[in-house]
Amino acid sequence: MSATSSTFNVADTTTAPASARQTDGVTARGSLRAARTRLRTDLLIYLGVALLTLSAWWVSQQGWFTPWSRTGYWLGVAGGVSMLLLFTYPLRKRWRVTYNWGASKYWFVAHMVLGIMGPWLILLHSTFHIGSTNAAVALFSMVIVALSGVVGRFLYVRLHADLRGEKATLAGLRGALSNQHQAADSRLQSMPSVLEALHAFERDALENGPAQGARHLWRLFVLPLQRQRVAQRCKAEVKKLIKQGANGQEHTKGQKWSKTQAIARYRACCVQVDDYAMAVQRAAQFQTFERLFSMWHVAHVPFVWIMVLCAIFHVVAVHAY
């Protein structure tokens, strides 16, 4: 990456088009900061699920109760009721009469909490011991549904603007990318080498890449790594150019930058680089996540009904015999 730059204007690194500054939900969600927030939330959820599973196993080793004891029985009832309440969220989305029953995002959060607590209570109830074949099928189908729900949430938050259920669109993501493109062209116009690297990354992500069959896998696993490499190289180039400006080696309207000015401009440019690169990744990955979410839904629903039927048989058998 070369450092050629004919004019390095102080204002170039501080201004951006109004369309890019006035970000909507799609644009804001495409920023690196939002992506890191999503990743931290995902990791906390995975860690919480793992800790709850370990806690259920630890309790099962203490011998405090059995599935047939009073405590074990009511843990099973509480877990079963929690699993039944999971169906209130899809009903809330589909029944018009329920549209005014609170914000959709709160229903989704409740759905996630119940989807974690219900299986945890059932694991406590089972004490990790399997009795009848029916109980085994019910337990394993519940575990599959719970793990599938975690995967579904991962895909859901990458296809929706927020927890309100407003689905993002490819056109919206392309519009957000266009705004970031304009902002980068304005803020980084005196850094042609940086702009060229970002534009090349955009072309590779959206137009080039592997053949159609492998493109989804490439965008899912390789593109994020490529984005990080491109962003790191661009920020290294930005640092070099701004250091030259601070030392008076570039034309800056006859003024040297102070250390504070140089740091502020470096940070502003780095944010622009990160947001542009992330907007490219979001737009490129959208159709991949859409396809995965569709496939997930096809696989998730049958296991839900298997779990429900086996749970009904299990409850009937327990009370009948």
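Each residue of the sequence shown is one higher than the last, beginning at 446 in our numbering. We put the beta carbon where it would ideally sit given N, CA and C, even for glycine. Only a predicted model underlies this, so the values are computations on that prediction, with no experimental measurement involved.
Kindly indicate which residue of Ala581, Ala728, Met562 and Ser514 has the alpha-carbon position closest to the one of methionine 528. Met562
In chain order, which continuous runs of the alpha helix (DSSP H) of length 4 or greater are located wholly inside the segment 667–750? 668–691
Taking a contact to mean a Cβ-Cβ separation below 8 Å, would you say valine 683 touches tyrosine 711 in this structure? yes
Write down the C-beta distance between leucine 622 and leucine 633 rounded to the nearest angstrom, noting that I regard them as a contact closer than 8 Å. Wrong, their Cβ atoms sit about 15 Å apart, outside the cutoff.
Would you check if the distance between the CB atom of histidine 556 and the CB atom of leucine 531 is smaller than 8 Å? yes
For the alpha helix (DSSP H) containing isoleucine 589, name the first residue and the last one. 578–601
Is isoleucine 567 buried or exposed, if buried means 16 or more other CB atoms sit within 10 Å of its CB? buried
Can you look up histidine 605 in the DSSP assignment and give me helix, strand or coil? strand
Cα separation between serine 739 and glutamine 706? 49 Å
Would a C-beta distance cut-off of 8 Å place phenylalanine 505 and phenylalanine 585 closer than the cut-off? Here the sequence assigns serine to residue 505, which means phenylalanine is not the residue at that position. No. Outside cutoff.
First and last residue of the uninterrupted alpha helix (DSSP H) at phenylalanine 532: Taken as a continuous stretch (DSSP letters only), phenylalanine 532 belongs to no alpha helix (DSSP H), as it is neither H nor E.
Is the beta carbon of arginine 483 closer than 8 Å to that of valine 602? yes
Can you tell me whether glutamate 647 is buried or exposed, with buried defined as 16 or more other CB within 10 angstroms of its CB? buried
I think arginine 678 touches alanine 642, with their Cβ atoms under 8 Å apart; what is that distance to the nearest whole Å? 6 Å
For isoleucine 575, which of helix, strand or coil comes out of DSSP? coil
What's the gap between the Cα of asparagine 835 and the Cα of valine 558? The question about residue 835 has no answer here: the residues shown for the chain are numbered 446 through 766.
Between the C-alpha atoms of glutamine 467 and alanine 616, what's the straight-line distance to the nearest angstrom? Below a pLDDT of 50, predicted positions are generally treated as unreliable, and glutamine 467, at 42, falls in that range; the measurement from the model is reported next regardless. When rounded, the distance between both Cα atoms is 17 Å.
Return yes when the Cβ of alanine 676 is within less than 8 Å of the Cβ of valine 718, no when it is not. yes
Close-in-space but distant-in-sequence residues of the same chain around alanine 501 (CB under 7 Å, 5 per side omitted): Trp565, Leu568 and Leu569
When you compare only the Cα positions, how much space is there between histidine 742 and proline 535? 13 Å
Do you know offhand how far histidine 759's Cα is from histidine 605's? 37 Å
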